[in-house]
C-alpha cells in the first residue's frame, strides 16, 4: 500500500501544503547527513490529544544541535507551538511527530556555513514493528554490524547521519527474516537495537545498557526506568555481554516508535517462555496507562494539544 501523506506540514515558521515543503538537492544535509531530529508521539487521552514528553524531546533536539554547532532559528516554544499546530491542522489525535533541523543550501564544504532549515511533520502511525508486535513480540537477531566507537560519532546526539548505522542493522535483520536487529558496541558488549533501547529481565530485576555502550539514551527508556522504580521494580544499568540475550527471563525493546515491544527469540533461541513476561506486561500496563488514565501522570509528561 502506498504511503498516505498528511495534507499540511510546518516549515521554517509557517504551515504549508505537504507538497510545498521542499529543499534544494544541493542542501548540505542531503550530502553530509547534517541534520538533527526527534520522534515524538501524541496520544488520544480522556482529556483530548496530548503529546508525550514534548518538552523533553525538544530539549534533546537543541542538545543534539549544540553538539553539531547548529543554531536553530526558532525557540523551543515556537517549535512546541508548531507541533501542536500540525496536529490540529491535520485533525489528528494519535500521531507521530517529526521535528527536524538541517543544514540547507549554502556552501559545499564539510564545514560550510549554511542556513538552518526546520520542519515539523505529523502523521498517523501504528505499532512500528508490526500490528501484532506489542502483544506477541518479535524475533530478533544480533547484527553483524557494530555501533560506532566512542569519540568517533557522538551516539548521544539524535543526528540523521547516525541512522546510517541503524539502517544497516535493520535492513540486515529484515533480509534474514527477523523483526529487528540488535547491535553490539565496539567493545563487543551489548549496545541497542537498530533504533530502540533494550531491557533484559533477570529474576524480576530490569537491566539495561549504559550510555557508554554507544546508545542514544532514549526518552522512552527513561520513562520505563522511572515507571519501574515507582512500581518497586529494581533497575540496573550495566555492561551486558551478548550471551545474556539468550539467558534473560524476558527481553524487550523500547522507543517512541516501538513503544514497548517484547522480544520472543534472539538468533533463533527462545527468550524465557517465548512470550511477554510478567515484568514486560506490567511495564506495558503502566506505560499505556498514562494515556487512558490508569497510570497517574505525576511527572507532567502529557502536554495537551
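In full-length UniProt numbering, the protein residues as written are 1 to 305.
We put the beta carbon where it would ideally sit given N, CA and C, even for glycine.
Bear in mind that the values here come from a model prediction, so they are computed numbers and not experimental data.
Around the CB of residue 278, fewer than 16 other CB atoms lie within 10 Å, so the residue is classed as exposed. Selection 295, 260, 186 evaluated against residue 132 yields 260 as nearest (Cα-Cα). CA-CA distance, residue 32 to residue 60, rounds to 21 Å. With a 10 Å radius around the Cβ and a threshold of 16 neighbouring Cβ atoms, residue 299 comes out exposed. When the beta-carbon positions are compared, residue 302 and residue 52 come within less than 8 Å of each other. Residue 16: member of the beta strand (DSSP E) spanning 14–17, first to last residue.
For residue 285, there is no enclosing beta strand (DSSP E); the residue is found in the alpha helix (DSSP H) stretching over 278–292. Straight across, the Cα-Cα distance linking residue 161 with residue 154 is about 10 Å. Residue 270 is classed as exposed because its beta carbon has fewer than 16 other beta carbons within 10 Å across all chains shown. Boundaries of the beta strand (DSSP E) around residue 118: 116–123. Nearest Cα to residue 86 within the set 57, 123, 55, 111: 123. If you look at residue 67, you'll find it in the alpha helix (DSSP H) that goes 54–67. When secondary structure is reduced to three states using DSSP, residue 212 falls in the helix class. If you look at residue 181, you'll find it in the beta strand (DSSP E) that goes 180–184. With the rule of 3 Cβ pairs closer than 8 Å, the stretch 226–245 does not count as touching the stretch 110–127.
Two segments are said to touch when three or more pairs of C-beta atoms, one from each, lie closer than 8 Å; by this definition the stretch 167–186 touches the stretch 141–157. Here residue 88 carries a helix assignment [DSSP, helix/strand/coil].
Residue state for residue 296 is assigned as coil, using DSSP reduced to three classes.
DSSP places residue 151 in the coil class of the three-state scheme, outside both helix and strand. In the three-state reduction of the DSSP assignment, residue 22 falls in the coil class, being assigned neither a helical nor a strand state.
By the neighbour-count criterion, in which 16 or more other beta carbons inside 10 Å mark a residue as buried, residue 158 falls on the buried side. Under the three-pair Cβ rule at 8 Å, the stretch 115–130 does not count as touching the stretch 224–231. Rounded to whole angstroms, the gap between the alpha carbons of residue 224 and residue 197 is 11 Å.
A residue is called buried once 16 or more other Cβ atoms fall within 10 Å of its Cβ, and residue 276 is buried on that count. Within its own chain, the residues whose Cβ lies closer than 8 Å to the Cβ of residue 186, once the five positions on either side in sequence are excluded, are 146, 147, 148, 149, 150, 214, listed in chain order.
Residue 55 has its alpha-carbon roughly 8 Å from the corresponding atom of residue 80.
Between the C-alpha atoms of residue 126 and residue 48 there is a straight-line separation of about 18 Å. Cβ-Cβ distances below 6 Å link residue 28 to 34, 103, 114 in the same chain, with the five nearest sequence neighbours on each side left out; the list follows chain order. The closest CA to that of residue 134, considering only 294, 152, 285, 291, is found on 285.
Comparing alpha carbon positions, the residue from 264, 295, 247, 220 closest to residue 39 is 220.
For residue 75, the number of other beta carbons within 10 angstroms of its own is below 16, and it is reported as exposed.
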